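Following: one structure in structure tokens, then a few remarks.
Residue numbers (my numbering): 1 to 89.
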């Protein structure tokens with residue numbers, strides 16, 4: 001529910017376009033809330049995740065891994081050492 005002090009034109013809802021989110025009852029209850037579409041069940045990054053993953057990519061740049069398992073610990077360390085405020089952007 002949108003608070004009365006928040007105008008709907010300032011809100012942008014991000015979802016994956018699956019049927020629970022695109023049904024008539026759902027879309028009509030959203031009123032004037034804008035929708036940022038994302039392909040259903042897409043493996044692509046959601047726009048809201050892009051900033052966070054770019055920061056992690058910067059931290060790991062120049063590091064080479066022989067397989068995916070070798071990258072797990074450095075990735076987790078990069079995430080753990082990122083300030084919490086970075087994840088809120």
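Yeah, the Cβ is synthetic: ideal placement off N, Cα and C, and Gly gets one too.
What you are looking at is a predicted structure, and each value in this text was computed from that prediction instead of being measured.
- The distance from the Cβ of residue 60 to that of residue 78 is about 6 Å, consistent with a contact at the 8 Å cut-off.
- At least 8 Å separates the beta-carbon of residue 74 from that of residue 66.
- Counting along the chain, residue 73 sits inside the alpha helix (DSSP H) bounded by residues 68–80.
- Exclusion of the five residues before and after residue 58 leaves no residue of its chain whose Cβ lies closer than 7 Å to its Cβ.
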